[in-house]
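> Chains as they are written, first to last, in this note's numbering: chain A, 6 to 254; chain B, 724 to 797.
I am attaching a structure below and will ask some questions about it afterwards.
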């Protein structure tokens, strides 16, 4: 049973390979399909909802404005006023992760964000932006990020090493938090679904299968909440890490 | 003991780390409830930081889970 638990996370190509990079065939996979669906549906939602642009918003426009306001508040409070130019970046991250998480809840689909490489790509891009912004704005003074204020001279070098490692682990923590939440949630759903099937197969215990079914329903509701929460957390932490580059301390 | 059963054992031992995460989550929610109980007006302000604290503490639990899966699947 342990072998088949990870089967729903398999990435497989949907057609023949399109081209090759260094002997690795690149094809359109189911992961690429769901990423494309997430971006297409998010774009469609935002464009169509704001079509009317009425001063008194209708329901769809209210939804689009609510999403915009949530992320705008997040960037303003997390990263400060100077972070306005970075708003589209944080917004894209939030929308992509939110829609990928939500599409993963459809039965039979692949949760794109349950692969660590995709989350790590986003996190490392974010950190590239942070590091480049930090060096462009502050020059070499950016490296004083690793020296907390009010530290006695003797402790500076060990503190710099510790601060450097805590800085370096940030993109990985962002990626792994999202990946593990999605992975654990989907495995949990599979485990309870497997319990329902096993109880039904026994025959005389079929009545008991209502219990893992009820648990599955509750966990599905929880997973929707986790999808929203994890996208929000990713964007909030991205804004907070961005603040370190823009305003040093 | 062959390696596959040792892997399962290792995966189980790796989850002992979720103890810390459980205690941490209890502390977060206890502080959250106490803050709202003392001053119910700040509920909307504290919800944001409460959820952030929950997710960051949950990371410890999930790291344990990831290591456990890595041990089991290696």
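Yeah, the Cβ is synthetic: ideal placement off N, Cα and C, and Gly gets one too.
(1) At a cut-off of 7 Å, is residue 108 of chain A close to the ligand NAP when judged by its beta-carbon and the heavy atoms of the ligand?
(2) Under the rule that 16 or more other beta-carbon atoms within 10 Å means buried, what is residue 235 of chain A, buried or exposed?
(3) Are the C-beta of residue 38 of chain A and some C-beta of chain B separated by less than 8 Å?
(4) Pick helix, strand or coil for residue 763 of chain B, following the three-state DSSP scheme.
(5) Could you say if the stretch 32-40 of chain A and the stretch 110-119 of chain A meet the contact criterion of at least three C-beta pairs nearer than 8 Å?
(6) Can you name the residues that DSSP bridges to residue 18 of chain A?
(7) With DSSP collapsed to three states, give me the class of residue 120 of chain A.
(8) Starting from residue 184 of chain A, trace the alpha helix (DSSP H) in both directions and tell me its first and last residue.
(9) Following the continuous alpha helix (DSSP H) through residue 101 of chain A, name the residue where it begins and the one where it ends.
(10) My assumption, with CB atoms under 8 Å, is that residue 106 of chain A sits in contact with residue 232 of chain A. Please give the rounded CB distance.
(11) Which value, in whole angstroms, describes the spacing of the CA atoms of residue 738 of chain B and residue 150 of chain A?
(12) With 8 Å as the threshold, decide whether the Cβ of residue 243 of chain A is near any Cβ in chain B.
(13) Any idea which residues DSSP pairs residue 24 of chain A with across the strands?
(14) Taking just the CA atoms, how far does residue 225 of chain A sit from residue 143 of chain A?
For this structure:
(1) No copy of the ligand NAP appears in this structure; indeed no ligand is present at all.
(2) So residue 235 of chain A ends up on the buried side.
(3) Closer than 8 Å: no.
(4) Here residue 763 of chain B sits in helix by DSSP.
(5) Per the Cβ contact rule, the stretch 32-40 of chain A is in contact with the stretch 110-119 of chain A (3 or more Cβ pairs under 8 Å).
(6) In DSSP, residue 18 of chain A forms a bridge with A:34.
(7) Residue 120 of chain A: coil per DSSP, three-state reduction.
(8) Note, residue 184 of chain A: alpha helix (DSSP H), 175-207.
(9) Per DSSP, residue 101 of chain A belongs to the alpha helix (DSSP H) from 92-109.
(10) Contact flag correct, Cβ pair sits at about 4 Å.
(11) Their Cα atoms are separated by approximately 34 Å.
(12) So, not an interface residue.
(13) Beta-bridge pairing links residue 24 of chain A to A:31.
(14) Those two C-alpha atoms are separated by around 46 Å.
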